[in-house]
Amino acid sequence: MGVADQMQFSHKKFASPSSSSSTSIPSHCRASAGRSKFIESTSFCTKMICCIMLRWRQHSGEGGDHVRIQALEEDVYGHVVVGDADIEIIEVIAEHPWGAKRCPPHVHAWYELNYVYEGTMKTGFGGDMLEVKAGEFFLIPPGVEHSHEYVPDAPHRGLCLRWSVERAAATAREEDEGTEDEAAGDGSVYRLLSELRRWPPGCYPDRYGLKERLEAIFAEADSLPLVVRLSVVQFLLRIAAIREPEGRSARPASLTDAALLRKVEIHLNDSGDERMDVRRLASSLHMSYHHLARKYKRLTGKTIVGRLTEIRLARAAELLLGTSGSISSIAEVAGFGTVYYFSRVFKKKYGCSPREYRNAHSGRHGAAGE
Numbered sequence: 017m018g019v020a021d022q023m024q025f026s027h028k029k030f031a032s033p034s035s036s037s038s039t040s041i042p043s044h045c046r047a048s049a050g051r052s053k054f055i056e057s058t059s060f061c062t063k064m065i066c067c068i069m070l071r072w073r074q075h076s077g078e079g080g081d082h083v084r085i086q087a088l089e090e091d092v093y094g095h096v097v098v099g100d101a102d103i104e105i106i107e108v109i110a111e112h113p114w115g116a117k118r119c120p121p122h123v124h125a126w127y128e129l130n131y132v133y134e135g136t137m138k139t140g141f142g143g144d145m146l147e148v149k150a151g152e153f154f155l156i157p158p159g160v161e162h163s164h165e166y167v168p169d170a171p172h173r174g175l176c177l178r179w180s181v182e183r184a185a186a187t188a189r190e191e192d193e194g195t196e197d198e199a200a201g202d203g204s205v206y207r208l209l210s211e212l213r214r215w216p217p218g219c220y221p222d223r224y225g226l227k228e229r230l231e232a233i234f235a236e237a238d239s240l241p242l243v244v245r246l247s248v249v250q251f252l253l254r255i256a257a258i259r260e261p262e263g264r265s266a267r268p269a270s271l272t273d274a275a276l277l278r279k280v281e282i283h284l285n286d287s288g289d290e291r292m293d294v295r296r297l298a299s300s301l302h303m304s305y306h307h308l309a310r311k312y313k314r315l316t317g318k319t320i321v322g323r324l325t326e327i328r329l330a331r332a333a334e335l336l337l338g339t340s341g342s343i344s345s346i347a348e349v350a351g352f353g354t355v356y357y358f359s360r361v362f363k364k365k366y367g368c369s370p371r372e373y374r375n376a377h378s379g380r381h382g383a384a385g386e
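The numbering of the sequence shown is the numbering used here, which starts it at 17 and goes up by one.
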């Protein structure tokens, strides 16, 4: 069975920030619908602020490209099930960060591919910065720290694609029931795409026809959403088929104690989901979770979970004073699973309930409650 024959798709999309009226929390702090809650951590990635939505310029001229990028914004985001893989297409961003100088170190919970097709930029993975020229690309797996530098008055033009991959629900049930078939073996799409976690950090010249495939996706922007999403999935499978990319690898940074603490802090600040996988954090640092937990406790006197709670409480306190959102909405955005747990740990930290804290510090006694 061919790839196209295996494909199904779901119409689940991200909730538009402007479409939510349930709370007055700023749109960049709100989580999207469904499983897409990881997207709220975008608010902690300054690259998103630097990116300007522009049209993809093709050699044939600009013509209807503005319409194409708008069509992609509407149709490309969502889920596609291919074999045993549930692929979520998160974002497609055309980049031209005019006036921006740099994007500080940060991490993502998703995959990200950046393709430069005009000008230059620099990117780093915790070590030396690499110059990325026109016709080159780099891929960032989840949990990998990275940073960028730009030429403010002559910024590059490029494209950024973000996605995540999970095992399809039906396949997961088959595994639980002991009826897993050959789809989870050598023909596993999930396994193939998950291998991109091992992609070596670096900068790679496009010897694989990726630019033409990206242009083809934009050319299909006026097509049915299914056609556009399938084109993106085929593009991802093409990348996953590259076994030994040839390019300039990034020199790994030496993981001193200070560097380790910085990486953990970046990851915790970027995490906006109450189900943050601390073992995935440890894996991205190439150590076991137990080793990381012991070392972090020795260096800071705190637990990783305790530090994460501190960060989320500080975030919640800021939202209590800076917005009129309900207590329950703020608890969710800050990353707490329940309002009860949020209220309990907040009172332990600040000596009062979230509502009392808001009233005492903002003077807005009529602020929105539950």
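Cβ atoms here follow ideal geometry from the backbone N, Cα and C, with glycine treated the same way. Predicted model, so just to flag it, every value in this text is computed and none were measured.
Less than 6 angstroms separating the Cβ of residue i from some heavy atom of the ligand MG?
i    : result
G351 : Of ligands this structure carries none, so the ligand MG is not represented either.
Assign residue i to one of three DSSP states: helix, strand, or coil.
i    : result
L306 : First, the amino acid is wrong: residue 306 is His here, not Leu. In the structure shown, H306 sits in a helix (DSSP, three-state: H, G or I).
L70  : With a pLDDT of 35 at L70, under the threshold of 50, the predicted position of this residue should be treated as unreliable, though the coordinate-derived value follows. In this structure, L70 counts as coil in the three-state DSSP scheme.
F154 : strand
V96  : strand
A257 : coil
A330 : helix
T139 : strand
Y357 : helix
R223 : coil
P113 : coil
D273 : helix
Y166 : coil
E104 : strand
V160 : coil
V280 : helix
H124 : coil
L10  : In the structure as shown, the chain starts at 17 and stops at 386, and residue 10 therefore has no counterpart that could be examined.
G338 : helix
L240 : coil
Of the choices the options, whose alpha-carbon is the least far from that of residue i?
i    : options                : result
T325 : G151, S299, R310, K364 : K364
L209 : A184, N130, K227       : A184
L276 : R223, I320, Y93        : I320
R207 : E262, R223, L253, F234 : L253
V205 : G338, S344, I103, L230 : I103
D273 : A150, I255, P370, R310 : R310
A330 : P168, A257, P370, R223 : P370
R264 : W215, I106, L284       : W215
S378 : I346, G135, S340, E182 : S340
F2   : A235, L230, C368, E262 : Residue 2 is absent from the structure shown; the chain starts at 17 and stops at 386.
K149 : V160, G135, G225, K318 : G135
L301 : V280, I258, G317, K318 : V280
V160 : F141, I258, E372       : F141
E262 : C219, A235, D238       : C219
I258 : C368, G225, E182, A170 : G225
Classify residue i as buried or exposed, calling it buried when 16 or more other Cβ atoms lie within 10 Å of its own Cβ.
i    : result
I65  : In this prediction, I65 scores a pLDDT of 35, lower than 50, which makes its location untrustworthy; the coordinate-derived value is nonetheless stated afterwards. Exposed.
L315 : exposed
H162 : buried
L240 : exposed
H124 : buried
Y357 : exposed
P221 : exposed
V349 : buried
S247 : buried
E260 : exposed
S217 : Looking at the sequence provided, one finds Pro at residue 217 rather than Ser. Buried: at least 16 other Cβ atoms inside 10 Å.
H306 : exposed
V244 : buried
A333 : buried
E228 : exposed
G351 : buried
D144 : exposed
A298 : buried
D286 : buried
A376 : exposed
Would a C-beta distance cut-off of 7 angstroms place residue i and residue j closer than the cut-off?
i    : j    : result
W179 : P158 : no
F154 : T139 : yes
L146 : A266 : yes
R278 : L336 : no
H172 : V132 : yes
P121 : I282 : yes
V361 : S344 : no
V108 : L177 : yes
E165 : R223 : no
I156 : E128 : yes
Answer yes or no: does any C-beta atom of chain B fall closer than 7 angstroms to that of residue i?
i    : result
G135 : Protein chains in the displayed structure number just one, and chain B is not present.
Review point. Are three or more beta carbon pairs between the region 95 to 103 and the region 111 to 124 nearer than 8 angstroms?
Key: no
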